[in-house]
Amino acid sequence: MRITMIGSGYVGLVSGACFADFGHTVVCVDKDERKIAALKGGAIPIFEPGLDRLVSENVRRGRLSFTTDLGPAVAEADAVFIAVGTPSRRGDGHADLSYVFAAAEEIARSLTGYTVIVDKSTVPVGTGDEVERIIHATAPEADFAVVSNPEFLREGAAIEDFKRPDRVVIGSDDPRALAVLRDIYRPLAIGRSPIVEMGRRAAELTKYAGNAFLATKITFINEIADLCEKVGADVQDVARGIGLDNRIGAKFLHAGPGYGGSCFPKDTLALLKTAQDYEAPQRIVEAVVGVNDNRKRAMGRKVIAAVGGDIRDKTVCVLGLTFKPNTDDMRDSPAIAVIQTLQDAGAHVHAHDPEGTEQAQKVLENVTYFDEPYAAMEGAEALVIVTEWDNFRALDLKRVKSLLAAPVLVDLRNIYPRARCEELGFTYCGIGR
Ligand SMILES: NC(=O)c1ccc[n+]([C@@H]2O[C@H](COP(=O)([O-])OP(=O)(O)OC[C@H]3O[C@@H](n4cnc5c(N)ncnc54)[C@H](O)[C@@H]3O)[C@@H](O)[C@H]2O)c1
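Convert by adding 465 to the 1-based position in the sequence shown; the result is the number in the numbering used here.
So, in structure tokens, the structure goes:
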């Protein structure tokens, strides 16, 4: 199959490289000239484990190429995937579909022969209808179908998720389009990943319902953690106790500083906007969004309380800035609100992140960055672990204690045992224990 991927970001580049690895011929398009120049020069513009090898191998085999020129890439394709961003629209929280609609119009101008347009971006229910309308209005003679194929990969484990997904969702009732999608995903069907076919609107909604459910699970255990702190229970025990129930499951039951990232915050908000428009309120998700929003700054206040209530002109060391480990993605990272709360209270922030510094510099001001964790700790009144990168899991705690001005450890990911930290003389502050 000849596949064209519009948008070469976290989803487009990973999906394109994986499709090429399946044996398809893939052209990844992006309008960002710097990104495409980097890719053509063999550099990967994002940090995603394993992606550099996957890309270079498939480029070498002639199955993967990059361009800013959408027209010829679309003209030659059997399937054109839309994988552009759908951020929150400024002001109202609706999904901003301007990139999707602009891509649809551009695609329409270059279609030749039967082509399946596949929406992989996360889009509100009914967007497929609008994409279809735009293409038809721009190119009335075009022979095409519009399919929804939401993506469920997680940054940091994106290649594994794409190649061994829990399921692939395909939303279409057009037999010709379904045949093309089945061909594209055949390697996964052979590997026994369930390929779930459904109506286009159901597929669009499945993505939002899935993310809203996961955000709810995280928020649920976070609130239980708050209760644990009040009653003297350990949330990790409670999480294990409920997670072993197969109906509940152990994943997404790690209490922490609140969910962030490029998907959950914007997708929960967009779902609420859709729910309002259709007069079908989603009260549970409304509560989740509110609770999570409050939580991030509350984590900053937790740090201030741990150092005794006054943090003015004191230095705090923050380890981990990205919204989760193994990515450089800072979008809606809890670290942003935590750091801003500390700065609002007059603290100086020293920070280290293995991959996120470049992105962090774009969203955070007045932070001093360090290339390694121990240098960032020197003279700080508290160490705060915000993101659980592997290299923060086995810090030399004796060395940490000797570097800090005061031995305060605020562990927002519960990666250290309280007893050991206290034995070493730390004031330990975890989440829900
Ligand atoms: N990042 C994730 O983990 C993830 C997971 C599942 C789904 N999604 C969804 O996938 C979509 C893409 O997310 P992302 O994180 O890859 O975004 P991203 O911002 O990393 O990448 C989007 C890319 O699209 C390009 N682009 C925009 N308009 C274009 C056009 N007309 N022609 C060519 N290129 C264009 C941009 O330059 C950018 O490089 C979003 O809807 C997101 O919600 C993301």
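Virtual Cβ for every residue (Gly too), placed ideally from N, Cα, C.
Say whether chain B places a C-beta atom closer than 9 Å to the C-beta of residue i.
i, result
"ALA690", "No chain B appears in the structure shown, which is made up of a single protein chain."
Beta-carbon within less than 7 Å of residue i's beta-carbon, same chain only, minus the 5 sequence neighbours each way: which residues are those?
i, result
"GLY591", "ARG666"
"VAL865", "MET842, LEU848"
"TYR839", "ARG864, LEU868"
"GLU597", "VAL611"
"VAL588", "THR551, ALA560, LEU562, VAL565, GLU669"
"VAL703", "ILE689, CYS693"
With DSSP as the reference, please indicate the residues paired to residue i in a beta bridge.
i, result
"THR892", "VAL873"
"ASP584", "ILE547, SER613"
"TYR650", "According to DSSP, which records beta bridges pairwise, TYR650 is partnered with nothing at all."
"GLU662", "ILE635"
"ILE850", "LEU784, ASP876"
"TYR899", "Any answer about residue 899 is impossible in this case: the structure gives the chain only from 466 up to 898."
"PHE487", "BP columns for PHE487 are empty, so no partner."
"PHE531", "CYS493"
What residues in its chain sit with their C-beta under 8 Å from that of residue i, if we drop five residues either side in the sequence?
i, result
"ARG777", "ALA810, GLY811, ALA812"
"ASP517", "ILE509"
"THR681", "ILE749, VAL750, VAL753"
"PRO659", "ASP631, ARG632, VAL633"
"VAL661", "ARG632, VAL633, VAL634, ILE635"
"SER553", "HIS559, ALA560, ASP561, PRO730, LYS731, LEU734, ALA735"
"ASP626", "PHE617, LEU618, ARG619"
"CYS483", "LEU519, ILE624, PHE627, LYS628"
"ALA502", "none"
Within 8 Å: the Cβ of residue i and any heavy atom of ligand 1?
i, result
"GLU595", "no"
"PRO615", "yes"
"TYR673", "no"
"CYS728", "yes"
"THR592", "no"
"ILE660", "no"
"ALA623", "yes"
"LEU618", "yes"
"GLY472", "yes"
"GLY550", "yes"
"ASP631", "no"
"LYS500", "yes"
"ILE511", "yes"
"THR739", "no"
"LYS496", "yes"
"ARG823", "Contrary to the premise, residue 823 reads as Glu rather than Arg in this sequence. No, since every heavy atom of ligand 1 falls outside the 8 Å radius drawn around the Cβ of GLU823."
"GLY527", "no"
"LEU516", "no"
"LEU535", "yes"
"ALA542", "no"
"THR587", "yes"
"TYR475", "yes"
For my contact list, residue i and residue j are in at a C-beta cut-off of 8 Å; report their separation, rounded to the angstrom.
i, j, result
"MET764", "PRO722", "4 Å"
"GLY785", "ASP818", "6 Å"
"MET466", "ASP639", "Not quite, the Cβ-Cβ distance comes to about 17 Å (not below 8 Å), so this is no contact."
"ALA567", "ALA604", "Not really, about 15 Å apart at Cβ, beyond 8 Å."
"GLY621", "THR792", "5 Å"
Suppose the cutoff is 6 Å on Cβ atoms and the five residues either side in sequence are ignored; what does the same chain contact list for residue i look like?
i, result
"PHE891", "PRO872, LEU874"
"GLU616", "VAL476, LYS585"
"VAL583", "ALA544, PHE546, VAL612, ASN614"
"CYS782", "HIS815, ALA841, MET842, ALA845, LEU848"
"ALA569", "VAL596, ILE599, ILE600"
"ASP876", "ILE850, GLY895"
"VAL696", "none"
"CYS886", "LEU874, TYR893"
"GLU513", "ALA623"
"GLY472", "ALA548, VAL549"
"ALA825", "LEU786, MET795"
"ALA800", "LEU786, VAL851"
"PHE899", "This structure cannot speak to residue 899, because the chain is shown only from 466 to 898."
With DSSP collapsed to three states, give me the class of residue i.
i, result
"VAL492", "strand"
"TYR743", "coil"
"GLY636", "strand"
"HIS813", "strand"
"ILE471", "strand"
"ALA560", "strand"
"THR822", "helix"
"THR592", "helix"
"SER727", "coil"
"SER553", "strand"
"SER798", "coil"
"ASP626", "helix"
"ASN791", "coil"
"ARG858", "coil"
"GLU541", "coil"
Any heavy atom of ligand 3 within a distance shorter than 8 Å of the CB on residue i?
i, result
"TYR893", "With respect to ligand 3, the structure offers nothing, as its ligand set consists of ligand 1."
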